Amino acid sequence: MVGLALDDNAFASPHLTSAERVFMVKNQAPAQCTPLRWKDEWLKKPVFRRVDGSGASPDEALPYHIFNEDIKHQSLDAGMQRALTARAWRRWRANDLNGSAPDAVRDQVMRHDPRWTTFFGAYLNMAVEWDLVNSALQKELQNKLILELTQVGMWHDPRATRDMVPDEVWEEMTPDPEIEALREKREQLKGGAYRIAGQECEEEVRSLTNQIKLLEAKQRKDVRQEYREYYFKNRPTWDIDRQFGGEAGEAQEGYVQPVVELRIPERAKLAQLLCDQPLGLSDEEIRKRRIRAADLWSALCNRQEKPKRSRLHLRRQPQAVPIKEESPKPDPFPLLMSKTQCPECIGNQCLTIEERTFDYCRPAVMNDHFEDRHLESLERTARGGGNIICKHPECVNLPPLTHLDHFRHHVETVHGVTLRSGQAAMARRERKMARRKRKSARGS
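In my numbering, the protein residues as written are 25 to 468.
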C-alpha cells in the first residue's frame, strides 16, 4: 500500500516522498498515533482503474467483468479446481467470522442487514465445518482438521493450468457440424477471394466470421472445462496407480516445479523479497525489508507489461567476424528501425527491451496496433495544443513536432517506418464504427 501511494503521490503531506520517510514517522507527544492522511482528490478514486495505451486512467474504474475475468484466469493458472471470483475473499472472511465472532459483528463487517439473513443465503460455506463423526461417537472433535479440509487448498493442484488440455485431445476431437456448415457457407460467399471490403457479401461474410469465432470460443471453453473436471476427478487415482506401478518396476512421474520467468527486474526482485522470509530477523532488518519492498512496488508501478507473445524476442543482429577482443555491442535502438516496429513503443521506458523492439508480422499489423493504442492519445495532444515528440531514444532531445503529419513524416524519413495517413486512419476507424453499429443493431 505504501508503494502504491508513493507512486500516486497520494499522501497529504508533501514530505512523504519515499518509503524511508514514511517509516521514519514517529508519534509526537501527547498524541499516541499519527494517521497518514490521503489527498482529497484521491479519496474517491477507484483502486482498480481502466488501462489504455497511455497507462492507467486517473479516475475511470476497471469494469467488473474484466476484473472478474482476470481473477478467474489467474486462479485457474495457479491450479485451483474452481475459478475464484471477486466475492471469494468476502466469503472467506465471513466464514472465518462465523462462529468465532457474534452474528452482529459478522453482519457489521459484511454490512448485511440481519433481518434478511444474507450471510446464510449467499455466503455460508457449503461444506460443514464440524467433525460430525467424532461428535456422534462422543470422541474428541477434530474441527481444526475439518476446517482445513473445507478450504480451497483441498482443491488445489499446482500441476493444473487454465489451458491444460493435451494436444492429442484437440487432434482427436471431431469437427463441430454447425461450425463446418458456417465455414462452407462463408467460402461459397467469398468465392475464393481474400479481400471482401466493398463487396456485396461483405456484411454477411463478417457476420458468419463472428458466429464462427463465438462457436469456436464456446467449444474451446467447454472442452477445457470438461477436461479440468476429468483431471481433478481422476488425478488422485492416477497418482495411486503410479505409486503401485512404480513398485512393479514402472517409472514414477516426478513433478518439476515450473520456472517462472519475470522479465521486469523490479518484479523479480520484489518476488524474491516477498517469497524469501528468513526467520529470526531483528526489528531493524524487518524495517529495512519493508522499505525495500515499498520502493520496489513504487518502481514497479512505473513499468508496463504487455500481453505475452509467443515470438517475443530480441532482434537478431548480424554476426560479424571478430576483429578484436573488445568489440562494441550492437545498439538495441538503432536510428533506422524495422518497418514492422512501433515508433511509440520503442521509446516507452516502462516496457522491457524485448517489448520495445518487438517486430510485428507485417507493417499493416503494426499500423493497426499504432492506431488502436497510440493514435488517439497523440490526437488529444494535438487538439489540446501540446507538443508532439518522437520518443525514440535518439530523438528525445530534438525540438517538438508541430502536428501529426509532421510526426508521420519524421518517422518515415528518419526511422524508415511508414504510418498510415490521417485519411486512411480515419477511414479505418469509420469502418470499425460501422461494423460495431451493425453488430449492435443485429443484437437488439
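Using N, Cα and C, we set each Cβ at its ideal position, and we do this for glycine too. Being a predicted model, the structure only gives us computed values, none of them experimental.
State the start and end residues of the unbroken alpha helix (DSSP H) segment that holds Asn-119.
112 to 121
Would you please state the rounded distance, in angstroms, between the beta carbons of Ile-203 and Glu-250? I believe it to be under 8 Å.
Contact doesn't hold; Cβ gap of about 17 Å is too wide.
With DSSP as the reference, label Val-75 as helix, strand or coil.
strand
Which residues DSSP lists as bridging Met-104, in chain order:
His-180
Collapsed DSSP secondary structure at Ala-125 in the structure displayed
strand
Which residue's Cα is closest to the Cα of Leu-121: Cys-225, Ala-458, Phe-144, Glu-228?
Phe-144
Spatially closest choice to Arg-462 from Ala-36, Val-229, Gly-123, by CA coordinates
Val-229
Buried or exposed: Met-48, going by 16 or more other Cβ atoms within 10 Å of its Cβ?
By the neighbour-count rule (16 or more Cβ atoms within 10 Å), Met-48 is not buried but exposed.
Do you know how far the Cα of Met-197 is from the Cα of Asn-33?
54 Å
Using CA coordinates, which residue listed in Ile-412, Arg-459, Arg-404, Asp-392 is at the minimum distance from Arg-22?
Nothing in the structure corresponds to residue 22, since the chain is present only between 25 and 468.
Nearest-angstrom Cβ-Cβ length linking Leu-402 and Ala-449, presumed shorter than 8 Å
Between Ala-449 and Leu-402 the Cβ distance is about 11 Å, and since that is not below 8 Å, they are no contact.
Can you tell me which of the three DSSP states Leu-320 falls into?
helix
If you reduce the DSSP assignment to three classes, tell me which class His-337 lands in.
Confidence in His-337 is poor, its pLDDT being 45 and thus under 50, which makes the residue's placement too unreliable to answer from.
From the DSSP output, in three-state form, read off Phe-382 for me.
coil
Assuming Met-390 is part of the alpha helix (DSSP H), what are its boundary residues?
387 to 394
Closest residue to Ser-464 among His-97, Asn-51, Ser-231, Leu-86 (Cα-Cα distance)
Ser-231
For the candidate residues Arg-459, Arg-244, Pro-424, whose alpha-carbon lies nearest to that of Ile-412?
Out of Arg-459, Arg-244, Pro-424, the CA that lies nearest to the CA of Ile-412 is found in Pro-424.
Nearest-angstrom Cα distance between Leu-28 and Arg-45?
15 Å
Buried or exposed: where does Pro-367 fall if 16 or more other Cβ atoms within 10 Å of its Cβ makes it buried?
buried
Looking at Leu-360 and His-439, is the spacing between their C-beta atoms short of 8 Å?
Result yes, Cβ atoms of His-439 and Leu-360 sit closer than 8 Å.
Please identify the residue among Ser-99, Ala-110, Val-75, Gln-98 whose C-alpha is closest to the C-alpha of Tyr-88.
Ala-110
Can you check DSSP and say which residues form a bridge with Ile-236?
Answer by DSSP bridge pairing: none, since Ile-236 is not bridged.
Classification of Thr-381 by the beta-carbon crowding that lies within 10 angstroms, buried from 16 upward
Buried, by the Cβ-count rule.
C-alpha distance - Val-389 paired with Asn-51, whole-angstrom precision:
58 Å
Where DSSP assigns a beta bridge to Ala-85, which residues make up the other side?
Arg-73
By the three-class DSSP mapping on this structure, what secondary structure does Ile-412 have?
strand
Boundaries of the alpha helix (DSSP H) in which Met-482 is found, first to last residue:
No answer is possible for residue 482: the residues shown for the chain start at 25 and end at 468.
By Cβ distance below 6 Å, which residues in the same chain neighbour Arg-432 in space, the five residues on each side in sequence not counted?
Within the same chain, Arg-432 has close Cβ partners Leu-443.
When you compare the CB positions of Leu-428 and Gly-446, do they come within less than 8 Å of one another, or not?
The answer is yes: Cβ separation under 8 Å.
Could you check which residue in Ser-99, Arg-210, Met-134, Met-188 has the C-alpha nearest to that of Arg-114?
Met-134
Can you tell me whether Arg-472 is buried or exposed? The criterion is at least 16 other CB atoms within 10 Å of its CB, across all chains shown.
Because the chain is modelled from 25 through 468, residue 472 falls outside the range shown and cannot be assessed.
Residues near Glu-454 in its chain [Cβ-Cβ closer than 8 Å; skip 5 each side]:
Here the set comprises nothing.
Spatial neighbours of Ala-36 in its chain, beta-carbon cut-off 7 Å, leaving aside the 5 residues before and after
Arg-61, Trp-62, Lys-63
Given 8 Å as the limit, is there contact between the segment 206 to 215 and the segment 127 to 141, that is, 3 or more CB pairs closer than that?
no
Going by the beta-carbon positions, is the gap between Ala-318 and Leu-30 smaller than 8 Å?
yes
Just to confirm before moving on: does the CB-CB distance between Glu-395 and Arg-459 stay below 8 Å?
no
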